[in-house]
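K.L.:
There are 2 protein chains.
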Amino acid sequence: MKSKNHIPTLNTVLSPSLLHLYDISNSIVVIIDILRATSTIATALFNGAKEIIPVESVAECIKLGRQIDVITAGERDGQIAEGLQYGNTPFQYDAEFIKGKTLVLTTTNGTKLLHMALKANAKGIITGSFCNLSAVCDYLSNQNKNVMLACAGWKNRINIEDSLFAGAVINRIKNNFEVNCDASQISETLYLEAKEDPFTFLKEKNASHYHRLMRFGLEKDIRYCLSEDSANILSIFVNGRLVAS
Amino acid sequence: MKSKNHIPTLNTVLSPSLLHLYDISNSIVVIIDILRATSTIATALFNGAKEIIPVESVAECIKLGRQIDVITAGERDGQIAEGLQYGNTPFQYDAEFIKGKTLVLTTTNGTKLLHMALKANAKGIITGSFCNLSAVCDYLSNQNKNVMLACAGWKNRINIEDSLFAGAVINRIKNNFEVNCDASQISETLYLEAKEDPFTFLKEKNASHYHRLMRFGLEKDIRYCLSEDSANILSIFVNGRLVAS
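Residue numbers (numbering that gives the first Met the number 0), protein chains in the order written: chain H, 0 to 244; chain U, 0 to 244.
#1: Roughly how many angstroms separate the alpha carbons of cysteine 224 of chain H and histidine 114 of chain H, rounded to a whole number?
#2: Output needed for alanine 206 of chain H: all residues of its chain with C-beta closer than 6 Å, excluding positions within five of it in sequence on either side, in chain order.
#3: Just to confirm the assignment, what range does the alpha helix (DSSP H) spanning valine 57 of chain H have?
#4: Establish whether the CB of alanine 192 of chain U and some CB of chain H are separated by less than 8 Å.
#5: Below 8 Å on the Cβ atoms is my guess for isoleucine 23 of chain H versus methionine 147 of chain H; work out the distance and round it to an integer in Å.
#6: Which residues does DSSP list as the beta-bridge partners of isoleucine 33 of chain H?
#7: Nearest chain H C-beta to threonine 37 of chain U closer than 8 Å, yes or no?
#8: I'd like to know whether the C-beta atoms of leucine 233 of chain U and valine 135 of chain U end up nearer to each other than 8 Å.
#9: What residues are listed by DSSP as bridge partners for glycine 73 of chain H?
#10: Measuring straight from C-alpha to C-alpha, what distance separates lysine 194 of chain H and proline 7 of chain U?
#11: Out of U:Val242, U:Ala230 and U:Ile235, which has the shortest C-alpha to C-alpha gap to aspartate 93 of chain U?
#12: Measuring only the C-alpha atoms, how far is isoleucine 40 of chain U from aspartate 220 of chain H?
#13: On a CA-only basis, which of H:Gly239, H:Gln91 and H:Asn145 is nearest lysine 122 of chain H? Give me that one, please.
#14: Confirm, please, whether the CB-CB distance from threonine 110 of chain U to glutamate 55 of chain U is below 8 Å.
#15: Apart from the five residues just before and just after arginine 211 of chain H, which ones in its own chain have a Cβ nearer than 7 Å to its Cβ?
#16: In whole angstroms, what is the alpha-carbon distance linking phenylalanine 176 of chain U and asparagine 175 of chain H?
#17: Which first and last residues belong to the alpha helix (DSSP H) in which asparagine 163 of chain H is found?
#18: Give the interface partners of aspartate 196 of chain U over in chain H, defined as CB-CB distance under 8 Å, in chain order.
#19: Please report how far the alpha carbon of glycine 216 of chain H lies from the alpha carbon of arginine 222 of chain H, in whole angstroms.
#20: Do histidine 208 of chain U and leucine 17 of chain U have their C-beta atoms within less than 8 Å of each other?
#21: Going straight from the alpha carbon of threonine 101 of chain H to that of isoleucine 124 of chain U, what length do you get?
#22: Using a Cβ-Cβ cut-off of 8 Å, state whether aspartate 22 of chain U counts as contacting chain H.
#23: What would DSSP say about serine 234 of chain H, mapped onto helix, strand or coil?
#24: Do alanine 149 of chain U and valine 28 of chain U have their beta-carbon atoms positioned less than 8 Å apart in this structure?
#25: Could you name the residues of chain U that aspartate 220 of chain H contacts, counting a contact when the two beta carbons are closer than 9 Å?
#26: Measuring alpha carbon to alpha carbon, tell me which residue in U:Gln184, U:Ile169, U:Asp161 and U:Gly64 is nearest proline 197 of chain U.
#27: Looking only at DSSP bridge pairs, what is glycine 10 of chain U linked to?
#28: Pull the bridge partners of glutamate 81 of chain H from the DSSP assignment, please.
#29: Does chain H have any CB closer than 8 Å to the CB of proline 7 of chain U?
#30: So what does DSSP say about leucine 112 of chain H, is it helix, strand or coil?
#31: Rounding to the nearest angstrom, what Cα-Cα distance links asparagine 120 of chain U and alanine 48 of chain H in this structure?
#32: Scan the region 172-190 of chain H for residues whose Cβ lies nearer than 8 Å to a Cβ of chain U and list them as they occur along the chain.
#33: So with Cβ pairs under 8 Å, would you call isoleucine 159 of chain U a contact of chain H?
#34: So proline 53 of chain H is in the beta strand (DSSP E); what residue range does that whole segment cover?
#35: According to DSSP, glycine 286 of chain H sits in a beta bridge with which residue or residues?
#36: Quick one, which residues of the region 119-131 of chain H are near chain U if we go by CB-CB under 7 Å, in chain order?
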């Protein structure tokens, strides 16, 4: 039994390559892939998607698409993956398009990390983005369980935008947790620098994925993915599916 | 042949677990372990040590100590390792003690990372600390070669103080390099926040290794390891040894 004074821990990994350093079997893991997987997931669920099935590979995505009546979507290296119907832009998933439907999604970083957390026996998995920041923070604050903020980064390299989101969560909920983790402190420091204008911060800091998406003409996506609570719904992983809660 | 306009790259890894993501065979790797291995190395060389042999294990350190007339030193988990003569405090290595001598050193994080860089065929290896910040920056600026700033962290977890030092180097020399690396930007942002008073920054940010060393009564060590150019000498790895240059 937990004592009444039990204070859960909060840790952050800035890259999937660091997840194995922690035992997450007793933690709720927040999957963070701001540009754009977890922003798109929040948006699709907010707009009434029935469920999202995150899969690791494009092949798996195509295979599932043949078996059941679903929308298959995904990207590799920031663009729609060959063989899939749709990409990873949140603007695709308005209510008219996605309401009541099942979305099967694979992305370069975010969906891979979710499967890593699953294999490492995470106690619970949710997805986090600025689009559903408040829903994520409220949920974590109310659970009284350990938290691992897991940044997807870019092919295991650390990125600014995922670290910023980790910092935003920490800044809001740190008083409910024992935060004895330098990566968390670094993330919060970064967020406090950036919070007034995260878009300009990414631009001035020459963020690598900012540039990658800008080259594809996706400024609108970036601005949306940095806006707080624009699709404020909890996205929780249950029985192989992300569903709204 | 390099063109006259060749601009070398600068990257940063905030943990040894991320080093494998990069090809460092064409880079000078800067090993960073601020509290305290690389600060101690700079200090010992500055005070006239003939050479420092970094080894991976305590057993190797003891074995070498039996074979040749050397000082064996090292720590595990912040304290002198069993079987070794001396620890990892820079104050041990004043001129009277270390001048002309060979030091064989093993530490929890820094010497391990050096061997990782060696196995990954780094083009060159130096060690960096605030104690020799200017010597490191001058060397890197003059080489016109790619640079990898490699933070030792704590048992592969990211720490604040090593990230701060990476940020200090970037802040000084970034104009000579192509810095297309989010971890570098994060480090520099952190450094700019901390530079007026890094000791208080570590304290206020609840830095994990700050607390570990403070518990051992090592405030003096921490303050020294954060002081710029207190042992301003280049420490370069040549033929299995770190020597002053």
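Ideal placement from N, C-alpha and C gives every residue a C-beta, glycine not left out.
P.N.:
So, from the listed chains and residues:
#1: Here residue 224 of chain H refers to the residue found at position 225 when the first sequence is read from its first residue. Here residue 114 of chain H refers to the residue found at position 115 when the first sequence is read from its first residue. Each residue's Cα considered, the two are about 22 Å apart.
#2: Position 207 of the first sequence holds residue 206 of chain H. Around alanine 206 of chain H: Ile159.
#3: On the first sequence, position 58 is the one that residue 57 of chain H refers to. Where valine 57 of chain H is concerned, the enclosing alpha helix (DSSP H) stretches over 57-66.
#4: Residue numbering aside, residue 192 of chain U sits at position 193 when the second sequence is read from its first letter. The sequence shown places glutamate at residue 192 of chain U, not alanine. At least one chain H Cβ lies under 8 Å of glutamate 192 of chain U.
#5: Your numbering for residue 23 of chain H matches position 24 in the first sequence. Your numbering for residue 147 of chain H matches position 148 in the first sequence. Confirmed, about 5 Å.
#6: The residue labelled residue 33 of chain H in the question sits at position 34 within the first sequence. Its beta-bridge partners do not exist; DSSP assigns none.
#7: Numbered from 1 along the second sequence, position 38 holds the residue referred to as residue 37 of chain U. Cβ-Cβ to chain H under 8 Å: no for threonine 37 of chain U.
#8: Counting from one through the second sequence, the residue named residue 233 of chain U turns up at place 234. Counting from one through the second sequence, the residue named residue 135 of chain U turns up at place 136. For leucine 233 of chain U and valine 135 of chain U, yes; Cβs fall inside 8 Å.
#9: Taking the first residue of the first sequence as 1, we reach residue 73 of chain H at position 74. According to DSSP, glycine 73 of chain H bridges with H:Thr105.
#10: In the first sequence, residue 194 of chain H corresponds to position 195, counting from 1. In the second sequence, residue 7 of chain U corresponds to position 8, counting from 1. Spanning the two alpha carbons is a distance of roughly 32 Å.
#11: Here residue 93 of chain U refers to the residue found at position 94 of the second sequence. Considering only alpha carbons, the answer is U:Ala230.
#12: For the purposes of this step, residue 40 of chain U is taken as the residue at position 41 of the second sequence. For the purposes of this step, residue 220 of chain H is taken as the residue at position 221 of the first sequence. Their backbone Cα atoms lie some 48 Å apart in a straight line.
#13: Here residue 122 of chain H refers to the residue found at position 123 of the first sequence. Looking at the Cα atoms, H:Asn145 is the closest of the given residues.
#14: The residue given as residue 55 of chain U occupies position 56 in the second sequence. The residue given as residue 110 of chain U occupies position 111 in the second sequence. Their beta carbons are under 8 Å apart, which means glutamate 55 of chain U touches threonine 110 of chain U by this criterion.
#15: Along the first sequence, read from residue 1 onward, the residue named residue 211 of chain H stands at position 212. Closer than 7 Å at the Cβ level, and outside the excluded window around arginine 211 of chain H, lie Gly77.
#16: What you label residue 176 of chain U is simply residue 177 of the second sequence in a count that begins at 1. What you label residue 175 of chain H is simply residue 176 of the first sequence in a count that begins at 1. Near 42 Å, if we compare the C-alpha coordinates of asparagine 175 of chain H and phenylalanine 176 of chain U.
#17: Here residue 163 of chain H refers to the residue found at position 164 of the first sequence. According to the sequence provided, residue 163 of chain H is leucine. The question's asparagine does not apply to it. Counting along the chain, the alpha helix (DSSP H) containing leucine 163 of chain H begins and ends at 159-172.
#18: The residue you call residue 196 of chain U lines up with position 197 of the second sequence. Close partners of aspartate 196 of chain U in chain H (Cβ separation under 8 Å) are lacking, with about 14 Å as the shortest Cβ gap.
#19: To locate residue 216 of chain H, count along the first sequence from 1; it is residue 217. To locate residue 222 of chain H, count along the first sequence from 1; it is residue 223. Computed Cα separation, rounded: 12 Å.
#20: Numbered from 1 along the second sequence, position 209 holds the residue referred to as residue 208 of chain U. Numbered from 1 along the second sequence, position 18 holds the residue referred to as residue 17 of chain U. The answer is no: Cβ separation not under 8 Å.
#21: Here residue 101 of chain H is taken as the residue at index 102 of the first sequence, counted from 1. Here residue 124 of chain U is taken as the residue at index 125 of the second sequence, counted from 1. If you take the alpha carbons of threonine 101 of chain H and isoleucine 124 of chain U, they lie about 52 Å apart.
#22: Indexing the second sequence from 1 puts residue 22 of chain U at position 23. Not an interface residue.
#23: Numbered from its first residue, the first sequence carries residue 234 of chain H at position 235. Serine 234 of chain H: strand per DSSP, three-state reduction.
#24: By one-based count along the second sequence, residue 28 of chain U stands at place 29. By one-based count along the second sequence, residue 149 of chain U stands at place 150. Yes, they are a contact pair.
#25: Counted from its first residue, the first sequence places residue 220 of chain H at position 221. Those within 9 Å of aspartate 220 of chain H in chain U number zero; the least Cβ separation is about 18 Å.
#26: The residue labelled residue 197 of chain U in the question sits at position 198 within the second sequence. Comparing Cα-Cα distances from proline 197 of chain U to each of U:Gln184, U:Ile169, U:Asp161 and U:Gly64, the minimum goes to U:Asp161.
#27: For the purposes of this step, residue 10 of chain U is identified with residue 11 of the second sequence, where counting begins at 1. It should be noted that the sequence gives asparagine, not glycine, for residue 10 of chain U. U:Met147, per the DSSP bridge assignment.
#28: Counting from one through the first sequence, the residue named residue 81 of chain H turns up at place 82. Partner(s): none; glutamate 81 of chain H has no beta bridge.
#29: The residue you call residue 7 of chain U lines up with position 8 of the second sequence. Chain H contact via Cβ: absent.
#30: What you label residue 112 of chain H is simply residue 113 of the first sequence in a count that begins at 1. Correct three-state label for leucine 112 of chain H: helix.
#31: Start at 1 with the first residue of the second sequence, and residue 120 of chain U comes out as number 121. Start at 1 with the first residue of the first sequence, and residue 48 of chain H comes out as number 49. Across the structure, asparagine 120 of chain U and alanine 48 of chain H are spaced so that their CA atoms are roughly 50 Å apart.
#32: Val178, Asn179, Cys180, Asp181, Ala182, Gln184, Ile185, Thr188 and Leu189
#33: Position 160 of the second sequence, counted from the first residue, corresponds to residue 159 of chain U. Yes, its Cβ sits closer than 8 Å to a Cβ of chain H.
#34: Reading the first sequence from its first residue, position 54 is the one you call residue 53 of chain H. Here the beta strand (DSSP E) through proline 53 of chain H covers 50-53.
#35: Nothing about residue 286 of chain H can be reported from this structure: the residues present for chain H run from 0 to 244 only.
#36: none
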